[in-house]
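Participant: I'd like to ask you about the structure that follows.
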C-alpha cells in the first residue's frame, strides 16, 4: 500500500456513487437484500457516518499516541435515525463534501513511514496500525460499492428467468455478510 | 421490469466504470482474484464483447422470429486476444460509444409488451424472452461493476491486518464464480 494509491481510490468513491445512484428511482435506491440489510440509500448514509465518526477520529487517536489509544466503537446504524428526512441526492452531495475535506486533511498530514506504522487499539480486533486503518478505508469503500451494485442487481432477480445460474451476483450474500 | 428502468441503469455503466478505472495504476487495473479470473481491464473487454456479439444480436434473433431462434454461443474470452495491444482508457471510451449506440437502437425499436414476451432459444438454457434478455443485460452490468470493485479491494487483502473478518468483500468469491 502507498498513500497515493489509497487516495487515488478514496477520491473516486463520490463520483462512482453519483454515477450509480444520482436520480435513480426509489426501486433502485431503497431496495435491499432482505430484512436487516442495507439499501443503496443506507450505504451512502453509512459511508457518511464513516467520514464523520470512524476513519479520521481513529487516525487522530493513533497519531496522538496518547495514554489511551483505544478507538470508540463504531455505530453501524447511526445513519438510520440521522437520515430519515433526507433525500438520496442530498446524502450523495454531503458524502462528496466530507470525503473531499477528509482527503485534504490526510494529505496535509504529510504522513511518514514511521507514522504509518504507529498503532492504535481497535475495541474488538486489538492492535492495528495507521497503515492498516487507511488500507481498510479503501477496502471498505470498494466493498460498499460492490454491495450497491449487488443490491441493485437483486431487484431484478425475478426478471431474468433461466439466466440465474449465469449471474452469480444474484446469489452472492444470500446469507447477509455485510 | 420496465424498459425505462432498465435503460436508466444501462446508460450509467460507462460513467460508473470511468469513475472506477480511468487513470488508475496498473496494480488496480490488472490485478485479478487468481488464475483464470478477470482483472478490471478484462471486465471492460468482456463488456465490449457483450455490446458487439451478445445483447443486440440476440435481441434481433428474438424480434425476427425466424425459423431458427437459437442464439450463437457467446465467447467469454474473445476479449483476451482482441485487446492485447489496447489501453484501458481506449477500452473505456470504446465501451461508452458502443453502449450509447446500442441504447439509441433499443429505444428506436419502441418495443411493445407483445414483443418483450417473444422467445428465443439460449444454446444451453433453453427458452428465454426478450424481457428476460434485457433484464439479464442489466444484472450482468451490475454484476461486473461489483466484480471490478471486489477485485480492486482484494489487491489490499494483505494490507488490512486484523480487519479482514469485518471486510467480507475480501473473501467473497474465494472460489471463483464469475
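Protein chains in written order, with this note's numbering: chain A, 1 to 178; chain B, 1001 to 1178.
Ideal Cβ placement from N, Cα and C applies to all residues, glycine included.
Please classify residue 1060(B): does DSSP put it in a helix, a strand, or coil?
Facilitator: Helix at residue 1060(B).
Participant: As a quick exercise: from 87(A), 101(A), 94(A) and 162(A), pick the residue whose alpha carbon is nearest that of residue 23(A).
Facilitator: Among 87(A), 101(A), 94(A) and 162(A), the Cα nearest to that of residue 23(A) is on 87(A).
Participant: Along chain B, which residues have their Cβ under 9 Å away from the Cβ of residue 88(A)?
Facilitator: Chain B residues near residue 88(A): none, gap ~14 Å exceeds 9 Å.
Participant: For chain A, find out if any of its Cβ atoms is closer than 8 Å to the Cβ of residue 1070(B); answer yes or no.
Facilitator: Not an interface residue.
Participant: Keeping to the same chain, check which residues put their C-beta closer than 7 Å to that of residue 1048(B); ignore five residues upstream and five downstream.
Facilitator: Excluding positions up to five away in sequence, the list reads 1079, 1091, 1094, 1095 and 1098.
Participant: Put residue 1174(B) into one of helix, strand or coil per three-state DSSP.
Facilitator: Of the three classes helix, strand and coil, the one that applies to residue 1174(B) here is coil, per DSSP.
Participant: Under 7 Å between beta-carbons, which chain A residues line up against residue 1145(B)? List them in chain order, please.
Facilitator: Near residue 1145(B) (Cβ distances below 7 Å), the residues of chain A are 149.
Participant: Less than 8 Å between CB atoms is the rule here; does residue 211(A) satisfy it with respect to chain B?
Facilitator: In this structure chain A extends from 1 to 178, so residue 211(A) is not present and cannot be described.
Participant: Distance cutoff 8 Å, beta carbons only. Does residue 1093(B) sit that close to anything in chain A?
Facilitator: No, no contact with chain A.
Participant: Could you check whether the Cβ of residue 39(A) sits closer than 8 Å to any Cβ belonging to chain B?
Facilitator: Not closer than 8 Å to any Cβ of chain B, the Cβ of residue 39(A) fails to qualify, so no.
Participant: Within 10 angstroms of its Cβ, does residue 38(A) collect 16 or more other Cβ (buried), or is it exposed?
Facilitator: With 16 or more Cβ atoms within 10 Å of its Cβ, residue 38(A) is classed as buried.
Participant: Is it right to say residue 1033(B) is buried, meaning 16 or more other beta carbons lie within 10 angstroms of its own, or is it exposed?
Facilitator: Buried, since its Cβ has 16 or more Cβ neighbours within 10 Å.
Participant: By how many angstroms is the C-alpha of residue 64(A) removed from the C-alpha of residue 1051(B)?
Facilitator: Their Cα atoms are separated by approximately 53 Å.
Participant: Could you give the first and the last residue of the continuous beta strand (DSSP E) run that contains residue 183(A)?
Facilitator: Chain A is shown only over 1 to 178; residue 183(A) falls outside these bounds and no answer can be derived.
Participant: Answer with buried or exposed for residue 138(A), where buried requires no fewer than 16 other C-beta atoms within 10 angstroms of its C-beta.
Facilitator: With 16 or more other Cβ atoms within 10 Å, it is buried.
Participant: Run through the segment 11-53 of chain A for me and flag every whole alpha helix (DSSP H) of 4 or more residues, listed as ranges in chain order.
Facilitator: You should have 13-21, 26-30 and 40-49.
Participant: Can you list the residues of chain B that residue 179(A) reaches, using a CB-CB cut of under 9 Å?
Facilitator: The structure shown does not extend to residue 179(A), since chain A spans only 1 to 178, so no value can be given for it.
Participant: List the DSSP bridge partners of residue 1122(B).
Facilitator: Paired residues: 1126(B).
Participant: Nearest CA to the CA of residue 1057(B): which residue from 1142(B), 1125(B) and 1121(B)?
Facilitator: When only C-alpha atoms are compared, the closest one is 1121(B).
Participant: For the candidate residues 1077(B), 1174(B), 1059(B) and 1148(B), whose alpha-carbon lies nearest to that of residue 1105(B)?
Facilitator: Ranking the options by Cα distance to residue 1105(B), first place goes to 1059(B).
Participant: So residue 12(A) contacts chain B; which residues on that side make the cut at Cβ distance below 7 Å?
Facilitator: Here the neighbours are 1019 and 1020.
Participant: Would you check if the segment 1108-1127 of chain B and the segment 135-150 of chain A touch, i.e. whether three or more CB-CB distances between them fall below 8 Å?
Facilitator: These segments do not touch.
Participant: Comparing alpha-carbon positions, which option in 168(A), 45(A) and 126(A) lies nearest residue 1164(B)?
Facilitator: It is 126(A) whose Cα lies nearest to the Cα of residue 1164(B).
Participant: List the residues of chain A whose Cβ lies closer than 9 Å to the Cβ of residue 1079(B), in chain order.
Facilitator: Those within 9 Å of residue 1079(B) in chain A number zero; the least Cβ separation is about 17 Å.
Participant: Which residues in chain B have a C-beta closer than 9 Å to the C-beta of residue 8(A)? List them in chain order.
Facilitator: Per Cβ cutoff of 9 Å: 1023, 1024, 1025 and 1028.
Participant: Per DSSP, residue 1070(B) forms a beta bridge with which residues?
Facilitator: Partner(s): 1121(B).
Participant: Does residue 1163(B) get closer than 8 Å to chain A when you measure Cβ to Cβ?
Facilitator: For residue 1163(B), the answer is yes, since a Cβ of chain A falls inside 8 Å of its Cβ.
Participant: Using a Cβ-based criterion (distance less than 7 Å to any ligand heavy atom), does residue 1120(B) qualify as near the ligand NAP?
Facilitator: The model on display carries no ligand, and the ligand NAP is accordingly not part of it.
Participant: Does chain A have any CB closer than 8 Å to the CB of residue 1160(B)?
Facilitator: Taking Cβ atoms only, chain A reaches closer than 8 Å to residue 1160(B), which makes this a yes.
Participant: With DSSP collapsed to three states, give me the class of residue 1095(B).
Facilitator: Here residue 1095(B) sits in helix by DSSP.
Participant: Chain B partners of residue 153(A), CB-CB under 8 Å?
Facilitator: Within 8 Å Cβ-Cβ: 1138, 1139, 1142, 1143 and 1146.
Participant: Residues in the same chain with beta-carbon distance under 8 Å from residue 1028(B), minus the five sequence neighbours each way, listed in chain order, please.
Facilitator: Hits under 8 Å: 1021, 1040, 1152 and 1155.
Participant: For the alpha helix (DSSP H) containing residue 159(A), name the first residue and the last one.
Facilitator: From DSSP, residue 159(A) is part of no alpha helix (DSSP H); its letter is neither H nor E.
Participant: Which residues mark the beginning and the end of the alpha helix (DSSP H) in which residue 114(A) is found?
Facilitator: Here the alpha helix (DSSP H) through residue 114(A) covers 113-116.
Participant: Does the distance from the C-beta atom of residue 145(A) to that of residue 1036(B) stay below 8 Å?
Facilitator: No.
Participant: Residues of the segment 1112-1131 of chain B with a CB closer than 8 Å to any CB of chain A: list them in chain order, please.
Facilitator: Here the close residues are 1122, 1125, 1126, 1127, 1128, 1129 and 1131.
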